[in-house]
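Undergrad: Protein chains in written order, with the working numbering: chain A, 9 to 331; chain B, 13 to 138. From the three backbone atoms N, C-alpha and C, an ideal C-beta is built for every residue, glycine too. For reference, the structure I am asking about is given below.
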């Protein structure tokens, strides 16, 4: 009854925690910039130094951020606003100004109006023309997406999925946070998949596609619900395309999977780390507490670029602690 | 009549919660070894804790008319939703509580709508 979280900080003698941190460290420290080269997002270069790799002057670049959890104030990160501001400073200082920012969900922590309001104000501090978001399950509490859509209805259609074209890329935002069924993973739902099919009818197969959804669009770890049950229905529609990049959040760590022309990537959070899938000694996907000096190495942003002539985007993941 | 409510338990203090939990646990232990009487009046309020993305206990048996209380001890919000949606809590932040009174007999499966791998069941038996 009185037992609390085992992962208390400042207990370096705890081998479980030490293992956890070592595993987490393996995910961090790499900076990857996405570049659309000739239609495919491509990593400009992963650097262990954490320095941002410069994007080509001709590249169309954009930034992915994720899981800001505005409203979270517990031990794993008592200052999520400060973390987002540090990320904003990094983005604003990029030598090659990104065209847009994509936020892959969990904008807020508890879907409260004041959290959405504060998030919206903070995101306006990023010097880009537009910030596009997709909702996370933390943005869909209690009233579904009603609160989220008051601030983040991107095309005025009062729904959380949309598409737009920019820089020669077709961007698609999806919502996979409203169809949770007992004992299974989440799903997109038939209505959204029908919409996607219709949306793609006007897009040539040579057009690079960048798709956003909060929860991974492949089964990372079913036991923790880290996957989307009907993702294959959506990915099947994308298989004819030469360049498809799927950007996800939710699991607060960088993972990737490549299936033919489809590359799927999850991103770091800007709030707190989560354990690696099924991590030994940690039985649940709750916030991992690390010493204050470690947090900035485990949360961060991702820059992506499109480079003409290549079919993969370039990407660089950058923790907020870098030199 | 069936009632349910969400409320925050922080103001109630940890000691009360501890006593409630111990009493409920003792009652359950006692109940497990007693021969069931024909009609047991509901005098306890079973308490289910949400900890480390799991319901504890995951399975309980109560008499009709029993109020069950769930308390979230995680740093992550959770919900309580009947499999058939007959009851549904709001999102519960840390130490938030939700209660629901089970009137009729039956087996009531429930889950967290945010983490549907978290499941539990309440058996209601006379």
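Quick check: residue 152/A and residue 124/A, are their CB atoms within less than 7 Å of each other?
TA: Here the question's residue 152/A lines up with position 144 in the first chain. Here the question's residue 124/A lines up with position 116 in the first chain. Contact flag unset, no.
Undergrad: Quick one: grab the DSSP three-state call for residue 159/A.
TA: Position 151 of the first chain, counted from the start, is the residue given in the question as residue 159/A. Here residue 159/A sits in helix by DSSP.
Undergrad: Quick check: what's the CA-CA separation for residue 24/B versus residue 110/B?
TA: As a working note, residue 24/B is residue 12 in the second chain. As a working note, residue 110/B is residue 98 in the second chain. Here residue 24/B scores only 46 on pLDDT, less than 50, and its place in the model should not be relied on; the value that follows carries that caveat. Cα to Cα, the separation comes out at about 14 Å.
Undergrad: Considering only the beta carbon of each residue, do residue 278/A and residue 73/A sit closer than 7 Å?
TA: In the first chain, residue 278/A corresponds to position 270, counting from 1. In the first chain, residue 73/A corresponds to position 65, counting from 1. For residue 278/A and residue 73/A, yes; Cβs fall inside 7 Å.
Undergrad: What residues of chain B sit near residue 191/A, judged by a beta carbon separation below 8 Å?
TA: Indexing the first chain from 1 puts residue 191/A at position 183. 123, 128, 129, 131, listed in chain order.
Undergrad: Chain B partners of residue 291/A, CB-CB under 7 Å?
TA: Translated into the one-based positions of the first chain, residue 291/A becomes position 283. Here the neighbours are 64.
Undergrad: From residue 85/A to residue 276/A, what does the alpha carbon distance come to, in whole angstroms?
TA: Position 77 of the first chain, counting from 1, holds the residue named residue 85/A. Position 268 of the first chain, counting from 1, holds the residue named residue 276/A. One C-alpha to the other measures close to 14 Å.
Undergrad: What residue range is occupied by the uninterrupted alpha helix (DSSP H) comprising residue 200/A?
TA: Translated into positions along the first chain, residue 200/A becomes position 192. 198-208 is the extent of the alpha helix (DSSP H) around residue 200/A.
Undergrad: Taking only the alpha-carbon atoms, compute the straight-line gap between residue 284/A and residue 107/B and give it to the nearest angstrom.
TA: Reading the first chain from its first residue, position 276 is the one you call residue 284/A. Reading the second chain from its first residue, position 95 is the one you call residue 107/B. Looking at the two C-alpha atoms, the distance is approximately 26 Å.
Undergrad: In angstroms with no decimal places, state the Cα-to-Cα distance between residue 116/B and residue 60/B.
TA: As a working note, residue 116/B is residue 104 in the second chain. As a working note, residue 60/B is residue 48 in the second chain. When rounded, the distance between both Cα atoms is 20 Å.
Undergrad: Under 9 Å Cβ-Cβ, which residues of chain B neighbour residue 102/A?
TA: Residue mapping note: residue 102/A aligns to position 94 of the first chain, counting from 1. By Cβ distance, chain B contributes nothing, its closest Cβ being about 33 Å from residue 102/A, past 9 Å.
Undergrad: My assumption, with CB atoms under 8 Å, is that residue 175/A sits in contact with residue 107/A. Please give the rounded CB distance.
TA: Stepping through the first chain from its first residue, residue 175/A is reached at position 167. Stepping through the first chain from its first residue, residue 107/A is reached at position 99. Going by Cβ atoms, the distance from residue 175/A to residue 107/A rounds to 6 Å, so yes, they are a contact pair.
Undergrad: Return no unless some Cβ of chain A is closer than 7 Å to the Cβ of residue 88/B.
TA: Along the second chain, one-based indexing puts residue 88/B at 76. With 7 Å as the cut-off, residue 88/B counts as an interface residue toward chain A.
Undergrad: Can you name, in chain order, every residue of its own chain whose Cβ lies under 6 Å from the Cβ of residue 233/A, other than the five neighbours on each side?
TA: Residue 233/A sits at position 225 when you count from the first residue of the first chain. Within the same chain, residue 233/A has close Cβ partners 193.
Undergrad: Anything in chain B within Cβ reach of residue 232/A, meaning under 9 Å, just list it in chain order.
TA: By 1-based counting over the first chain, the position of residue 232/A is 224. Here the neighbours are 65, 127, 129.
Undergrad: Select from 219/A, 87/A, 185/A, 201/A the residue whose C-alpha is nearest the C-alpha of residue 145/A.
TA: Locating residue 145/A in the first chain gives position 137, where the first residue counts as 1. Cα-wise, what sits closest to residue 145/A is 185/A.
Undergrad: Note down the Cα distance separating residue 299/A from residue 306/A, rounded to an integer number of angstroms.
TA: The residue labelled residue 299/A in the question sits at position 291 within the first chain. The residue labelled residue 306/A in the question sits at position 298 within the first chain. So the alpha carbons of these two residues sit roughly 11 Å apart.
Undergrad: Since residue 119/B is in the beta strand (DSSP E), which residue starts that stretch and which ends it?
TA: Sequence index remark: in the second chain, residue 119/B carries index 107 (1-based). Its beta strand (DSSP E) spans residues 118-123.
Undergrad: Taking 6 Å as the cut-off, is the CB of residue 102/B close to at least one heavy atom of the ligand GTP?
TA: You won't find the ligand GTP in this model; it holds no ligand whatsoever.
Undergrad: What does the Cβ neighbour count give for residue 266/A, buried or exposed, with the cut at 16 atoms within 10 Å?
TA: For the purposes of this step, residue 266/A is taken as the residue at position 258 of the first chain. When all chains shown are included, residue 266/A counts as exposed.
Undergrad: Taking only beta-carbon atoms, is residue 79/B less than 7 Å away from chain A?
TA: Against the second chain, residue 79/B aligns to sequence position 67. Cβ-Cβ to chain A under 7 Å: no for residue 79/B.
Undergrad: Using only CA atoms, which one of 87/A, 119/A, 221/A, 258/A lies nearest to residue 333/A?
TA: Here chain A has residues from 9 to 331 only, and residue 333/A is not among them.
Undergrad: I'd like the list of long-range same chain contacts for residue 137/A, defined as Cβ closer than 8 Å, with 5 residues on each side in sequence excluded.
TA: Taking the first chain and counting its residues from 1, one reaches residue 137/A at position 129. Correct list, in chain order: 107, 108.
Undergrad: Can you tell me where the beta strand (DSSP E) holding residue 244/A begins and where it ends?
TA: As a first step, residue 244/A must be located in the first chain, where it is residue number 236. Careful: residue 244/A lies outside any beta strand (DSSP E), inside the alpha helix (DSSP H) at 239-246.
Undergrad: When you compare the region 194-206 of chain A with the region 89-96 of chain A, are there three or more beta-carbon pairs, one atom per stretch, that lie closer than 8 Å?
TA: Because the criterion of three Cβ pairs below 8 Å is not met, the region 194-206 of chain A and the region 89-96 of chain A do not touch.
Undergrad: Verify whether the separation of the beta carbon atoms of residue 238/A and residue 103/B is less than 7 Å.
TA: To locate residue 238/A, count along the first chain from 1; it is residue 230. To locate residue 103/B, count along the second chain from 1; it is residue 91. Going by C-beta atoms, residue 238/A is not nearer than 7 Å to residue 103/B.
Undergrad: Could you say which of 126/B, 135/B, 75/B, 98/B lies nearest to residue 91/B if we only look at CA atoms?
TA: Within the second chain, the letter at position 79 stands for residue 91/B. When each option's Cα is compared against that of residue 91/B, the closest is 126/B.
Undergrad: Among 76/A, 288/A, 130/A, 244/A, which one has its Cα closest to the Cα of residue 205/A?
TA: Taking the first chain and counting its residues from 1, the one referred to as residue 205/A is at position 197. Minimum Cα distance to residue 205/A is reached at 244/A.
Undergrad: Let me know the secondary structure DSSP gives residue 258/A once reduced to three states.
TA: Taking the first residue of the first chain as position 1, residue 258/A is located at position 250. Residue 258/A falls in the coil class under three-state DSSP.
Undergrad: Taking the alpha-carbon positions, what's the residue 68/B to residue 309/A distance?
TA: Against the second chain, residue 68/B aligns to sequence position 56. Against the first chain, residue 309/A aligns to sequence position 301. Taking the straight line from one Cα to the other gives about 37 Å.
Undergrad: Which value, in whole angstroms, describes the spacing of the CA atoms of residue 181/A and residue 77/B?
TA: By one-based count along the first chain, residue 181/A stands at place 173. By one-based count along the second chain, residue 77/B stands at place 65. Looking at the two C-alpha atoms, the distance is approximately 46 Å.
Undergrad: Round the Cβ separation of residue 65/B and residue 292/A to the nearest angstrom and send it over; I've been treating them as touching at under 8 Å.
TA: The count along the second chain starts at 1 and reaches residue 65/B at position 53. The count along the first chain starts at 1 and reaches residue 292/A at position 284. Indeed they touch by this definition, with Cβ atoms about 4 Å apart.
Undergrad: Measuring CA to CA, which of 97/A, 128/A, 274/A, 163/A is closest to residue 323/A?
TA: Working through the first chain from its first residue, we reach residue 323/A at position 315. It is 274/A.
Undergrad: If I'm right that residue 349/A touches residue 218/A with Cβ under 8 Å, what's the distance once you round it to whole angstroms?
TA: The structure shown does not extend to residue 349/A, since chain A spans only 9 to 331, so no value can be given for it.
Undergrad: Applying the criterion that 16 or more other CB atoms from any shown protein chain within 10 Å of the CB defines a buried residue, is residue 118/B buried or exposed?
TA: Locating residue 118/B in the second chain gives position 106, counting from the first residue. It counts as exposed.
Undergrad: For residue 95/B, return the contacting residues in chain A, with the cut-off set at a CB-CB distance below 8 Å.
TA: Position 83 of the second chain, counting from 1, holds the residue named residue 95/B. Those within 8 Å of residue 95/B in chain A are 190.
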